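Read the structure below first, then the notes.
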Amino acid sequence: MSVGKNEPRRDGPAKLTGRALYLDDVNIPGCWHGVTVRSAVPHGRIKSIAYDPAFPWDECVVVTAKDIPGKNLVTLIEADQPLLADGLVRHREEAIVLIAHADRATAYEAAKRVKIEYEPLPPVLDMEKSEKVFKSYLIERGDLAAGFAAADVVVEGEYRTPSQEQAYIENNAIAAYEEDGVLIVTGSLQCPYYVLKAMKAIFNRGEDKIRVIQTVTGGGFGGKEEYPSMLAGHAALLALKAGRPVKIVYDRHEDMAATTKRHPAVVRHRTGLSKDGRLLAQDIEVLMDGGAYATLSAVVLSRGTLHAAGAYECPNVRVRSKVVMTHTPPNGAFRGFGAPQTLFAAELHWEKIADVLQIDSLTLRRRNIFKIGSTTSTGQNLMESVGAQECLEKTVTASKYVAKRKEYDRWNKNPKNRTWKGIGLSVCHHGAGFTGSGEVYLASRAGVALTKEGELIVLAASTEIGQGTNTMFAQVAADALGAPASWFSVETPDTHKVPDSGPTVASRTCMVVGGLVGRATHELKRAFEQEHGRVPRTRDELRKAAAVLCQGAPARRFEVQYEKPPEVTWDDATYRGDAYGVYSYAAIAVDLEIDKLTFEVRLVKVTTAQDIGKAINPVLAEGQIIGGSTQGLGWALLEEPVFKDGVMINNQLTNYVIPTSLDAPPFEVMLVEKPYSRGPFGAKGLGELPMDIPGPAVAAAVKHATGRLIPTLPQTPERISQALQ
Amino acid sequence: MIKLTVNGSKKSFKGAPFKRLIDALREDFGLTGVKEGCGEGECGACTVLLDGAPVNSCLVPLCQAEGRKVETVESLGSPEKLSKLQAGFLACGGAQCGICTPGMLMTAHAHVRSKAKCDDKSVRAALSGNLCRCTGYQDIVKSVIKAAKGGKR
Amino acid sequence: MRGDAGSMTVLSPRTAAEAVKAYAKAPSALPLAGGTDLMVGWNLGLMNGRSVLDLSRVAEWKKINVVSDGVDLGSLVTHAQIQAHPVLRKRFPLLVAACATVGAAQIQNRGTLGGNIANASPAGDTFPALMVYEATARVVGPHGRRAIPIGDIFAGVKKTTLKPGELIEAVFLPFPDEAPTRGAFRKVGTRAAQAISKTVFAGLIWNGKGGVLGQVRLSFGSMAPTVRRLHAVEEFLRGRRLDEISISAAAELLTNDVSPIDDIRSTREYRLRVSRNILTAFLKGELK
């Protein structure tokens, strides 16, 4: 058995020796450098574009919207975002002109020689003042008025979360070139088939004339979900016009200022409860800032909306949500995808309720938390794999939460102590895979190929971006076949080689695509049994069996397509039903202390238990949990993009600070494995889950330490100081 | 012409003396294990050892590397024969997306080689100039401690 | 990266005398020490076409000389060198502590004391320590040498009082006549490591006779366009007993010498409050 074992990371040796080739490492002969001229106003009409006559433009290739052969559109959900601004600009840093030159520095110099004049238009920069709604949702369960009427107390709260930069260490980078009439696009990206779809519309080409290949990718976290479609279009326009390869590699300040970030959000709760702390009514309003174009905002908001009520049973719920337009760079995918914003509110709201009811938030959570048989806000019955309680109890025990609450209460009463100490708790659910009917529409495919030489190759478009996709696929395939994982290699995501497994997002790669890989490998196993008599036991036997199964062909592919589990039903119109096939669960306790002189927060320890169904590879799974939690802690304590006039002004790693090794706490991670009958070997989604709850747990711990509930992230020393004034 | 020693072999460079060390290593000497993450000396992905000490190669013009010894990740093990430190990273989950890894390894390598203390606190302090967005650092710290303790390859 | 290496002219003097001569000939050249500041701007493409005066070969400026009345630090001495020097560790611990908070190892191995002074960032981590040790910068130029008290070398944000053609050759740290009773350094950065200061403090106290304060030297960085000695506070405290009343009065006087602002890293209000807290704790003997 390979599943459950710590197989060493497949991509490890290459990455550890500097051999792994990220886009900027790839030697592409004759490749030019592309740069982007961007909008200097948040909203306006382009009056003129002038090119400095003193500059040798004949050395360059210059592209504007006029050069786009097909649609000037980055295809995603709504057809609203142009590939290059044409006439109107709707946000700062919007791409207008592209330039390529053989020399990188000269390309940047050329960009400086382009002068664009605008007729400025008034921008809307504050989401609360925006009247343009991209998307809204309504979830209703039970009778809200009756719920409030029956309530002994009603508690209201408003919670705010800022944007967040993905801060992958490899900036966005894509190269394009044409080879034998095929447009090849290669680079750092999460979703090859998203790029392919966008390219088809931009270049009016069929799939056979476009090939998208992922290179080793230095982190994504959602930041390379949709943006690479735009960058690929830019690189390809330049490459086709130049008749040679062109790569665009952003530098850090451009990447930070121009590319997508987490949606800022304001969430309001009005909650009715009985005296003993039972939830009777939840009325929740969610507002998110989509930025200038709709991009993925509708689905980010959807996930946020579906998680807004938290991992708790409440008979009467209303969630009203909307995402609006502002004249700022479009916000997009970031690990958690809307859920961290709404869960921050849902979880921190317990601390407010605890104060009103004089019942601690742990007791309140225990009273209301999801169990087998609970019903969610969309009316979904949770019939299996509900590990919320177990995560909570394991976290409470291992963190010594109850004892520490008391100990720190005593500590904080002593004015001689130089710190305040606090421990805060948070719990969440996170739906794995696409929302509602999303997986049905995706109809993902994955497979396994057997070559006549006896090689076994996993075929999927899911990308390895550091999370361990390739290792996990090999382990799943190995156990599905009953063979060692070392027999399997994993094909590079290349749209001419692998089927469309859907995007590498939404915590779906293991549960959904891993499941497909498992099913495809079962078909291979059946073929071995029927045509060779049994599954080969040695490499030699594998080669012999391969010759039999391939019957002279170079390879035989076993491919399967997603099939909706029959028990899953969902209605997009009413937002009722099974929003997700299953949920993962997590609980976290953050133990911290605050310096009384400086209000600086030091994380003492983080304890977390996470129910992921089954850890296919525990070291990799724990790596996801610790890494994802650390991103959550960064958002909770440090990270805040500062916007001025519609553009991020701390767009450097010096001033947008992410945690260092000295900021990150020691972690104790406990894996909870409540198997999901539809997941491969019981596995559920994992990637986003750990991002969801560090924020509210930090805020709860700060409240415990200082007595002040700060309803805003990040909980900076400045905000703590202000709260204590 | 600028002469320097890179991973033990003598090199000479005839291009612009203000070319950055990172660019010379990547473009002229083919050592693409050196990564650029920020170009402002903040992320440490471009860390190499200059006369044995970690530096950000994005902040070093080549004219300042004349006569000096440069070590990059390529001087450690190979995929077939990882160094003890690299093997520690593989076993403990010290690398995820891998883009910070070469710089992280070089800083860790200098720290372990200096025979400095290798407990949680000192390793975290030593690595605090290398940003990692994937791991949350714990497994990196574990990897370094494991390697320093002389765990078997 | 937007710098154009081919557009740059590099001047490479091998001695101090050559450096001064070369700089006199090319007064618009950018002096380059450890590059930890200059290269950041260069990478952004802000210095293309300029000349650079690369000082890295000037060996005499890389030495730490202990002399009878103090320590002479060559301007190209790195933050790492300072931390490793036994005499500096013993006699100038606040400077050593400050150097350990400048960036992380990679920056400390390259960044130089002289380069940092010439760069004149309001947030320079070592400057408060240099202020309370009453360091002197020695500069050399076409018209010879002069000594500038460290507090007089900073003219504003990223501005110095260096005259055209002048280069910093050394920083002199005088041994105090008497060992201070206590001292402390405290940096409050944007995170636990590799951070820029929101406020940064150094202080030294010498107890006088009869339970009153003898000498006191206090300095803050990041609290004004340049590093500041707290003259008003120091004057107020000299000869006084340190008690609740005098300490709280001293903390009130802080704003006589500093004027922090709101910026992308912090707020005026926070900087003032925390600096007062730090000052108070230091005077109470509680600053660790």
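Protein chains in written order, with numbering that gives the first Met the number 0: chain A, 0 to 724; chain B, 0 to 152; chain C, 0 to 287.
Even glycine gets a Cβ: it sits at the ideal position worked out from N, Cα and C.
Nothing here was measured: the structure is a model prediction, and the numbers come from that model.
Roughly how many angstroms lie between the CA atoms of L305(A) and T377(A), to the nearest whole one?
Looking up residue 305(A) in the first sequence gives position 306. Looking up residue 377(A) in the first sequence gives position 378. Roughly 8 Å between the two C-alpha positions.
In this structure, what does DSSP give as the bridge partners for M324(A)?
For the purposes of this step, residue 324(A) is identified with residue 325 of the first sequence, where counting begins at 1. In DSSP, M324(A) forms a bridge with G290(A).
In the segment 66–83 of chain B, which residues sit with their C-beta less than 9 Å from some C-beta in chain A, listed in chain order?
Of all residues in the segment 66–83 of chain B, those with a C-beta nearer than 9 Å to a C-beta of chain A are T71, V72, E73, L75, G76, S77, P78, E79, L81 and S82, reading in chain order.
Which residue marks the beginning of the alpha helix (DSSP H) containing D744(A), and which one marks its end?
Shown here, chain A extends from 0 to 724; a query on residue 744(A) therefore has no answer.
Scan the segment 24–60 of chain C and note each continuous alpha helix (DSSP H) run of 4 residues or more that stays entirely inside, going in chain order.
Restricted to the segment 24–60 of chain C, the alpha helix (DSSP H) segments that are unbroken, complete and at least 4 residues in length are 37–42, listed in chain order.
Of all the CB atoms in chain A, is at least one closer than 7 Å to the CB of R112(B)?
Taking the first residue of the second sequence as position 1, residue 112(B) is located at position 113. Taking Cβ atoms only, chain A never reaches closer than 7 Å to R112(B), which makes this a no.
K141(B) classed as buried or exposed, judged by whether at least 16 other C-beta atoms fall within 10 angstroms:
On the second sequence, position 142 is the one that residue 141(B) refers to. Burial call: buried.
Going by DSSP, which residues form a beta bridge with G430(A)?
As a first step, residue 430(A) is located in the first sequence; it is residue number 431 there, counting from the start. According to DSSP, which records beta bridges pairwise, G430(A) is partnered with Y582(A).
What residue does the beta strand (DSSP E) around A146(C) start on, and which one ends it?
The count along the third sequence starts at 1 and reaches residue 146(C) at position 147. Residues G143 to P148.
Contact criterion: CB-CB distance below 7 Å. Does R123(B) meet it with respect to chain A?
The residue you call residue 123(B) lines up with position 124 of the second sequence. Yes, R123(B) counts as interfacial toward chain A.
Any C-beta of chain B sitting closer than 7 Å to the C-beta of S1(A)?
On the first sequence, position 2 is the one that residue 1(A) refers to. Not one chain B Cβ lies under 7 Å of S1(A).
Go to A13(A), then tell me how far its alpha helix (DSSP H) extends in each direction, as first and last residue.
Against the first sequence, residue 13(A) aligns to sequence position 14. Counting along the chain, the unbroken alpha helix (DSSP H) around A13(A) starts and ends at G11 to L15.
I'd like to check one pair, I201(A) with G86(A): are the Cβ atoms closer than 7 Å?
On the first sequence, position 87 is the one that residue 86(A) refers to. On the first sequence, position 202 is the one that residue 201(A) refers to. Contact flag unset, no.
Among S162(A), K451(A), I422(A) and F133(A), the one whose alpha carbon lies nearest that of T705(A)
For the purposes of this step, residue 705(A) is taken as residue 706 along the first sequence, with counting starting at 1. T705(A) has its Cα closest to that of I422(A), out of S162(A), K451(A), I422(A) and F133(A).
If I'm right that S56(B) touches V72(B) with Cβ under 8 Å, what's the distance once you round it to whole angstroms?
The count along the second sequence starts at 1 and reaches residue 56(B) at position 57. The count along the second sequence starts at 1 and reaches residue 72(B) at position 73. About 11 Å; that fails the 8 Å criterion.
Which value, in whole angstroms, describes the spacing of the CA atoms of Y561(A) and R444(A)?
For the purposes of this step, residue 561(A) is taken as residue 562 along the first sequence, with counting starting at 1. For the purposes of this step, residue 444(A) is taken as residue 445 along the first sequence, with counting starting at 1. If you draw a straight line from the Cα of Y561(A) to the Cα of R444(A), it is about 6 Å long.
Indicate the three-state DSSP secondary structure (helix, strand or coil) for N255(C) in the structure shown.
If you number the third sequence from 1, residue 255(C) lands on position 256. Three-state result, N255(C): helix.
Give me, in chain order, the residues of the same chain whose beta-carbon lies closer than 7 Å to that of P710(A); leave out the 5 immediate sequence neighbours on both sides.
Position 711 of the first sequence, counting from 1, holds the residue named residue 710(A). The answer, listed in chain order, is G156, E157, Y158, R159 and L347.
Looking only at its chain, what residues have a beta carbon closer than 8 Å to the beta carbon of P16(B), apart from the 5 residues adjacent to it on each side?
In the second sequence, the residue the question calls residue 16(B) occupies position 17. Same-chain partners within the cutoff: I1, P60, L61 and C62.
With a 10 Å radius around its C-beta and 16 neighbouring C-beta atoms as the bar for buried, classify D138(B) as buried or exposed.
Taking the second sequence and counting its residues from 1, the one referred to as residue 138(B) is at position 139. By the 10 Å Cβ count, D138(B) comes out buried.
Compare the C-beta of A13(A) with all C-beta atoms of chain B and state if any pair is closer than 7 Å.
As a first step, residue 13(A) must be located in the first sequence, where it is residue number 14. Closer than 7 Å to some Cβ of chain B, the Cβ of A13(A) qualifies, so yes.
Are the Cβ atoms of V323(A) and V589(A) separated by less than 7 Å?
Translated into positions along the first sequence, residue 323(A) becomes position 324. Translated into positions along the first sequence, residue 589(A) becomes position 590. Result no, Cβ atoms of V323(A) and V589(A) do not sit closer than 7 Å.
Assigned secondary structure, L637(A) (DSSP; H/G/I helix, E/B strand, else coil)
Residue numbering aside, residue 637(A) sits at position 638 when the first sequence is read from its first letter. If DSSP states are grouped into helix, strand and coil, L637(A) belongs with coil.
Three-state secondary structure (DSSP) at E139(A)?
Counting from one through the first sequence, the residue named residue 139(A) turns up at place 140. In the structure shown, E139(A) sits in a strand (DSSP, three-state: E or B).
Evaluate the contact criterion for the segment 285–298 of chain A versus the segment 71–86 of chain A: three or more CB pairs, one atom per stretch, below 8 Å.
Contact between the segment 285–298 of chain A and the segment 71–86 of chain A is present, because at least three Cβ pairs lie under 8 Å.
Check whether L75(C) and A32(C) have beta carbons under 7 Å apart
Indexing the third sequence from 1 puts residue 75(C) at position 76. Indexing the third sequence from 1 puts residue 32(C) at position 33. Yes; because the gap between Cβ atoms is below 7 Å, this pair is in contact.
Beta carbon proximity, S384(A) to chain C, threshold 7 Å:
Stepping through the first sequence from its first residue, residue 384(A) is reached at position 385. False, the Cβ-Cβ gap to chain C never drops below 7 Å.
For K179(B), return the contacting residues in chain C, with the cut-off set at a CB-CB distance below 8 Å.
No answer is possible for residue 179(B): the residues shown for chain B start at 0 and end at 152.
Counting only C-beta atoms, is P101(B) closer than 7 Å to chain C at any point?
Counting from one through the second sequence, the residue named residue 101(B) turns up at place 102. So, not an interface residue.
Report buried or exposed for V5(B), applying the criterion of at least 16 other Cβ atoms within 10 angstroms of its Cβ.
In the second sequence, the residue the question calls residue 5(B) occupies position 6. Buried: at least 16 other Cβ atoms inside 10 Å.
Near F336(A), which residues of its chain fall below 6 Å by C-beta distance, leaving aside the five closest residues on each side in sequence?
For the purposes of this step, residue 336(A) is taken as residue 337 along the first sequence, with counting starting at 1. Result list for F336(A): V299 and R302, in chain order.
Contact with chain A by A328(C), beta-carbon distance below 7 Å:
In the structure as shown, chain C starts at 0 and stops at 287, and residue 328(C) therefore has no counterpart that could be examined.
Backbone CA spacing between G551(A) and V559(A) [nearest angstrom]:
Position 552 of the first sequence, counting from 1, holds the residue named residue 551(A). Position 560 of the first sequence, counting from 1, holds the residue named residue 559(A). In a straight line, the C-alpha of G551(A) is about 23 Å away from that of V559(A).
Residues of the segment 51–62 of chain C in Cβ contact with chain B at a cutoff of 9 Å, in chain order, please.
Under the 9 Å Cβ criterion, the segment 51–62 of chain C contributes V51, D53, S55 and R56.
From the DSSP secondary-structure annotation, give me the bridge partner or partners of W569(A).
Position 570 of the first sequence holds residue 569(A). In DSSP, W569(A) forms a bridge with G576(A).
What residues in the segment 256–284 of chain C bring their beta carbon closer than 8 Å to a beta carbon of chain A?
Along the segment 256–284 of chain C, going in chain order, the ones with a CB nearer than 8 Å to a CB of chain A are I263, R264, S265, T266, E268, Y269, R272, V273, N276, I277 and A280.
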